[in-house]
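Taking it in order: structure first as structure tokens, then the write-up.
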């Protein structure tokens, strides 16, 4: 009887030990499973490289698209250097930067303006606008600071800029047009020097780098 009891004790003990051993192995497996933050980031980078996507302060963008770099500053929640797809408008860019602060003069910014590479998107405060006078934003600026290629932006007073005469405008004035940066402005000036004045606004499509897409953007903003 004692021998039988001893055998039952050993059997129960081994069973308990086996269960404990199995549980310990599971715990070890669970502890080994999580990846380090570095390995997770590396895996994400590899996926981005394979898929052609990247991130911009948490927002994804297609790395295969043409990209532009824009400095967003002034009365915005998260100022800094941002990367956007070409053709991004000021309103979308400001949303990526967290939106306006309470001090911002929202009426001084043309949210529909198309951003260009290398420009600064500055949002003035209401106090700045009052001190500088209504409608004092520089031509071609988004906000209250001049920026190359900012588009045909309305001033803080809401009045539209006069059409740009492509036969007489200099580089700076040409760069107020949507999609016309420094290189395209110089191309227009070179074309005028070599071929003379434009006979019609459609002739601007003969300039290298200005196709139908750019023309559609600026046709209502130019004259001869």
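Residue numbers (my numbering): 289 to 512.
Even glycine gets a Cβ: it sits at the ideal position worked out from N, Cα and C.
Spatial neighbours of residue 486 in its chain, beta-carbon cut-off 7 Å, leaving aside the 5 residues before and after: These residues qualify, in order along the chain: 454, 455, 492 and 512.
Considering residue 501, what are the terminal residues of the alpha helix (DSSP H) in which it resides? 500–506 is the span of the alpha helix (DSSP H), which, as asked, contains residue 501.
Opposing strand residues paired with residue 355 [DSSP bridges]: Answer is 373.
Under three-state DSSP, which class holds residue 409? Looking at residue 409 - three-state DSSP - the assignment turns out to be strand.
As a quick exercise: from 484, 497, 452 and 489, pick the residue whose alpha carbon is nearest that of residue 470. Minimum Cα distance to residue 470 is reached at 497.
Could you check where the alpha helix (DSSP H) with residue 476 kicks off and where it finishes? Element bounds for residue 476: 470–483.
In this structure, how does DSSP classify residue 459 when only helix, strand and coil are distinguished? In the structure shown, residue 459 adopts helical secondary structure according to DSSP, grouped into three states.
What number of angstroms, rounded off, separates the C-alpha of residue 502 from the C-alpha of residue 452? When rounded, the separation of the alpha-carbon atoms in residue 502 and residue 452 is 15 Å.
Please name the residue in 360, 490, 467 and 509 whose C-alpha comes closest to that of residue 397. Comparing Cα positions, the closest option is 360.
Are the CB atoms of residue 468 and residue 538 within a distance shorter than 8 Å? For residue 538 there is no data in the structure shown, the boundaries of the chain being 289 and 512.
Which one or two residues does DSSP pair with residue 494 in a beta bridge? When beta bridges are read from the DSSP output, residue 494 appears opposite no residue.
What are the residues that DSSP puts in a beta bridge with residue 511? According to DSSP, which records beta bridges pairwise, residue 511 is partnered with 453.
Three-state secondary structure assigned by DSSP to residue 392: The DSSP-derived three-state label of residue 392 is strand.
Residue from 450, 507 and 482 with nearest C-alpha to residue 488: By alpha-carbon distance to residue 488, the top candidate from 450, 507 and 482 is 507.
Among residues of its own chain, excluding the 5 on either side of residue 495, which ones have a beta-carbon nearer than 6 Å to its beta-carbon? Counting only Cβ-Cβ distances below 6 Å, and skipping sequence neighbours, we find 475, 476 and 479.
Identified DSSP bridge partners for residue 362: According to DSSP, residue 362 bridges with 411.
Going along the chain, which residues of its own chain have a beta-carbon closer than 7 Å to the beta-carbon of residue 311, five neighbours each way excluded? Below a pLDDT of 50, predicted positions are generally treated as unreliable, and residue 311, at 39, falls in that range; no measurement from the model is reported.
In angstroms with no decimal places, state the Cα-to-Cα distance between residue 362 and residue 372. Between residue 362 and residue 372, the alpha-carbon positions lie close to 19 Å from each other.
Mapping the DSSP letters down to three states, classify residue 379 as helix, strand or coil. Helix.
Between which residues of its own chain and residue 365 is the CB-CB distance below 7 Å, once the five residues before and five after are set aside? Sequence-distant partners of residue 365 (beyond 5 residues in either direction) whose C-beta falls short of 7 Å from its own C-beta, in its chain, are 385, 386, 387 and 389.
Burial state of residue 369 (16 or more Cβ within 10 Å): Exposed, since its Cβ has fewer than 16 Cβ neighbours within 10 Å.
Since residue 368 sits in a beta bridge, which residues does DSSP pair it with? Beta-bridge pairing by DSSP links residue 368 to 360.
Among 354, 374, 499 and 465, the one whose alpha carbon lies nearest that of residue 510: Of the listed residues, the one whose Cα sits closest to residue 510 is 465.
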